[in-house]
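FYI, the numbering for the first sequence is 8 to 770, going by my numbering. Cβ coordinates follow ideal geometry from the N, Cα and C atoms, glycine included. Single-structure report; data block below.
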Amino acid sequence: MPKNLVIVESPAKARTIAKYLGQDFKVMSSFGHIRDLPKKDIGVDIKNNFKPTYEVPPDKEKAARELKAAAKGVTVWLASDEDREGEAIAWHVCVLLGLEPAKTNRIVFHEITKTAIAKAVAKPRNIDPKLVDAQHARRVLDRLVGYELSPVLWKKVRTGLSAGRVQSVAVRLIVEREREIKAFKAESAYKVTAVFDARGQAVPAELSEKVASDKAAEDFLNSIKSSSFRVTAIAKKPGTRSPNAPFTTSTLQQEASRRLGYSVRRTMVLAQRLYENGHITYMRTDSVNLAGIAIDAAKKYITDNYGDKYGQVRQYKTTSRSAQEAHEAIRPTNIKALSAGADSAQKKLYELIWRRTLASQMAAALVEKTEVEIAISDHSQKFMASGEILEFDGFLKVYGGGKDDRILPDLVEGQALKLKSASALQIFSRPPARYSEASLVKKLEELGIGRPSTYAPTIGTIQDRGYIEKKDLEGEARQLKEFILEAGKVKPTTQEVVVGADRAKLVPTELAEIVNDFLLKYFSSIVDYDFTAKAEEEFDDIAEGKIKWQEVLKRFYEHFHPLIKKSEGASRAEAMKLRQLGKEPKSGEPVAARFGRYGPVLQIGASPAKGDKEAPKPRFAPLPEGATIETVTLEQALPMFDLPRVVGKTEDGEEITANIGPYGPYIKVGKSFISLKEDKPLRIGEARARELIKEHAKAAAKKTVADFGKLKILRGPYGPYITDGKKNAKIPKDKDPEKLTEAEAQKLLDEAPAKTSFRRRQK
DNA sequence: CAGTGAGCGAGCTTCCGCTTGACTT
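Right, dumping it as structure tokens:
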């Protein structure tokens, strides 16, 4: 029987450490925080000096039971992470096991290697009560903000909403970015480019200044028709490009999004699998530090495979202001393994991590940049030609940026050049980019808001609450004017480009705007971008013993709670942004847009006064696509009251209607609904509707493996399944779904467990 | 999943940060 019990946070870590510790040690996991504030109420006794009530949540009961059983009569070693949360986990484990925090062995290691673990065990310390206090303050502060603020939103806006220190700032960032984009006025200018001839070789160049108007652009091209051109200066400059630091959670999410197109959540699920199978180090980290053995192994690998001159040992320093550095950077556990992972998605992510890690220990790439100045005989402006040649690839050998050489022909100062052609193309200044999941994570990290373990869940939460939507943006076609000088003549022409098209961008809903504006008005200090940073300073003061944690909370609460009281005076109508659009021509009734119980809505006629049952009820309609409460016009609003609209009949004589529902525009035949994408419910014709109905039927047939009437076997995203319209059943792997008989299918369905409720996304 | 927007009232919702499974149509 082992005499020692080591408790870490993660079961995968427990397995690894067990290998290094031998027979005398049993290693178990707490599965993260093993005690927490209760979910159902605030769990903080505010009047009693903010005394928190902690309990074991239902999903941790099993772990708690097993730890208690294993801790009897042995020496316990607390080996949770070395940061504020880890220290608190160690303390909670002590309380759970009835141990004395001041007398229990506390050990930490930043890298999981035999020597690091042996060193830690040789020199145990005790729990740092001040660091635990800092965590109490962090936990209780978040609880007070979340559980006092959210109910205000239930009363003033809609039930079930939420607000918090992290999520409300994330929403604010997205709302404000969207407003910047809406307010942006694109400015036009002209970019002049030219191609010169140097003894038969082409030299592309660009005019050093932009030209403001189309007249100026045309005039300029006309004015250089008979000019002469001469090389007046050649500057060659060596340049270097250095590799980036190894991955943290945030940079891994950004690069996996950019290079592999993975969502933040998908990246974390894949990384978790790689970690559990021992292929990579821990994936929730803010550190760019590599263990000594990892640096040595990378150095050896580089020397053996690419040669000495490709290697350069580098130690990176974190630039993140919130970093707590409890772990290493994310790296392969064995750099000699070029590939790892159970499927191609995992493999791609592993290879990205492998390449980034190796590149971080490689030499800089060397480039030679050439700038050539070309003077125009009768103008003061100059053309500039630039070239870049990669002289030594260095780290780009494994982590390339995919930039091609731009090679200029050999030129000498004073050399005359002949103009082959020139063009002036209209360009527009671009609005700031919408956030993607990954760029939002980057921004939050810069602001010090959120932690590696919460980036992905936070994005999920603000989507679940209906604050933001992930959207593919189609962009719009824009005609760009262009003047081309060729063979001594300037000709006007146009180029069509699509601007603003983008994939998977975060767009705020009207609900987000309402909630954000409300929070900004009544709780500006809480949704302030620096709120977390300031709070962190106070937590640090607690950890350093400069102030008691209850004192920090007291000061905060004396400021915060009056804001809650004050917000109770806010009127619902104010929050709901009622906006009058005009009068309906037929009846003269007022037409308004507002945020209703279920979202944005158009309304004709005033809401009757309370208790007035005689007054006519107002009529309601959804907002047209793309319009918002702030932008919708009377002209756009009026036709919406004609929905639902009869489109026509099918060949069988069934009526087809069109409408806009809570899930977008659709057409309806009998009981089936078909979502509309390009077609508009106000305009779609009978012929087109019939087409869509046929396509829909075809797609449904493709999904059907077998149809027994009441019972159907369908192909879903998780494989084939049996359904009777009410209950679903999986088909065992050893059965061929094509050959299943109705009786067999019925039996499987009857045996399947009853539908369980599984909520990830709320309505 | 494809409405709605009366009124009343009971019962419920909610945070951030640590960690995994079990589960889905």
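Host alpha helix (DSSP H) of residue i (start-end)
{"i": "Val-182", "result": "174-190"}
{"i": "Gly-93", "result": "91-104"}
{"i": "Leu-641", "result": "641-644"}
{"i": "Ile-300", "result": "299-313"}
{"i": "Asp-471", "result": "462-471"}
{"i": "Glu-702", "result": "693-710"}
{"i": "Ile-337", "result": "Per DSSP, Ile-337 belongs to no alpha helix (DSSP H) and is neither H nor E."}
{"i": "Met-8", "result": "No alpha helix (DSSP H) holds Met-8; DSSP gives it neither H nor E."}
Straight-line gap, residue i to residue j (C-alpha atoms, nearest Å)
{"i": "Pro-245", "j": "Asp-411", "result": "17 Å"}
{"i": "Val-81", "j": "Glu-89", "result": "23 Å"}
{"i": "Thr-638", "j": "Leu-513", "result": "20 Å"}
{"i": "Gly-455", "j": "Val-598", "result": "45 Å"}
{"i": "Gly-660", "j": "Val-676", "result": "10 Å"}
{"i": "Lys-79", "j": "Arg-72", "result": "12 Å"}
{"i": "Leu-365", "j": "Ala-70", "result": "38 Å"}
{"i": "Leu-12", "j": "Ala-440", "result": "52 Å"}
{"i": "Ser-764", "j": "Lys-734", "result": "The predicted model places Ser-764 with a pLDDT of 42, which falls under 50 and marks its position as unreliable, so this point remains unresolved."}
{"i": "Leu-570", "j": "Tyr-529", "result": "7 Å"}
{"i": "Ile-124", "j": "Ile-24", "result": "8 Å"}
{"i": "Glu-685", "j": "Ser-264", "result": "28 Å"}
{"i": "His-566", "j": "Gln-142", "result": "21 Å"}
{"i": "Gly-655", "j": "Asp-714", "result": "30 Å"}
{"i": "Ser-6", "j": "Ala-542", "result": "In the structure as shown, the chain starts at 8 and stops at 770, and residue 6 therefore has no counterpart that could be examined."}
{"i": "Lys-232", "j": "Asp-226", "result": "10 Å"}
{"i": "Ala-759", "j": "Gly-723", "result": "17 Å"}
{"i": "Val-505", "j": "Glu-185", "result": "20 Å"}
{"i": "Ser-294", "j": "Ile-96", "result": "20 Å"}
{"i": "Ala-550", "j": "Lys-449", "result": "27 Å"}
{"i": "Leu-168", "j": "Gly-39", "result": "27 Å"}
{"i": "Glu-596", "j": "Ile-521", "result": "26 Å"}
{"i": "Lys-827", "j": "Lys-130", "result": "Within the shown structure, residues of the chain are numbered from 8 to 770, placing residue 827 beyond reach of any answer."}
{"i": "Ala-91", "j": "Leu-138", "result": "The sequence shown places Arg at residue 91, rather than the Ala named in the question. One C-alpha to the other measures close to 6 Å."}
{"i": "Val-271", "j": "Ala-445", "result": "6 Å"}
{"i": "Thr-239", "j": "Gly-421", "result": "6 Å"}
{"i": "Ser-235", "j": "Tyr-197", "result": "22 Å"}
{"i": "Arg-767", "j": "Glu-94", "result": "Residue placement at Arg-767 cannot be trusted, given a pLDDT of 41 that sits under 50; the coordinates are not used to answer."}
For residue i, the first and last residue of its enclosing beta strand (DSSP E)
{"i": "Pro-499", "result": "496-506"}
{"i": "Pro-597", "result": "597-603"}
{"i": "Phe-32", "result": "32-36"}
{"i": "Gln-433", "result": "423-435"}
{"i": "Ala-193", "result": "Segment: none, Ala-193 is in no beta strand (DSSP E) and carries neither H nor E."}
{"i": "Lys-477", "result": "475-480"}
{"i": "Arg-652", "result": "652-656"}
Bridge partner(s) assigned by DSSP for residue i
{"i": "Ala-370", "result": "Beta-bridge pairing links Ala-370 to no other residue."}
{"i": "Ala-628", "result": "Leu-609"}
{"i": "Val-559", "result": "According to DSSP, which records beta bridges pairwise, Val-559 is partnered with nothing at all."}
{"i": "Tyr-289", "result": "In DSSP, Tyr-289 forms no bridge with anything."}
{"i": "Thr-258", "result": "Bridge partners of Thr-258: none, in fact."}
{"i": "Ile-729", "result": "Ile-720 and Ala-736"}
{"i": "Ser-679", "result": "Val-676"}
{"i": "Arg-132", "result": "Arg-113"}
{"i": "Met-647", "result": "DSSP lists no partner for Met-647."}
{"i": "Lys-590", "result": "Pro-597"}
{"i": "Gly-668", "result": "Gly-671"}
{"i": "Thr-247", "result": "Leu-373"}
{"i": "Ala-484", "result": "Val-505"}
Contact test: residue i Cβ vs the ligand ADP heavy atom, cutoff 7 Å
{"i": "Tyr-313", "result": "Summarising the ligand content, the structure contains no ligands, and the ligand ADP is consequently not present."}
Cβ pair count under 8 Å reaching 3, the stretch 434-441 against the stretch 183-193 | These segments touch.
Are three or more beta carbon pairs between the stretch 392-403 and the stretch 151-167 nearer than 8 Å?
-> no
Check whether the stretch 550-565 touches the stretch 47-62, counting contact only when three or more Cβ pairs, one atom from each stretch, lie closer than 8 Å.
-> The stretch 550-565 is in contact with the stretch 47-62.
Pairing CB atoms from the stretch 372-389 with CB atoms from the stretch 307-323, are three or more of them under 8 Å?
-> no
Is it true that the stretch 416-433 meets the stretch 486-493, where meeting means three or more beta-carbon pairs spaced less than 8 Å apart?
-> yes
How about the stretch 275-290 and the stretch 338-350: do they share at least three Cβ pairs that are nearer than 8 Å?
-> Taking 8 Å as the limit for Cβ pairs, the verdict is that the stretch 338-350 does touch the stretch 275-290.
Would you call the stretch 468-476 and the stretch 173-181 touching, i.e. three or more CB-CB distances under 8 Å?
-> yes
Given 8 Å, three or more beta-carbon pairs between the stretch 266-276 and the stretch 414-422 | no
Inter-stretch contact at 8 Å, needing at least 3 Cβ pairs: the stretch 364-378 / the stretch 248-261 | yes
Segment contact flag, the stretch 508-526 with the stretch 140-155, C-beta cutoff 8 Å, min 3 pairs | no
May I ask you to verify whether the stretch 206-223 touches the stretch 348-364, counting CB pairs closer than 8 Å and requiring at least 3?
-> no
Can we say the stretch 662-672 touches the stretch 632-651, given the rule of at least three CB pairs closer than 8 Å?
-> yes
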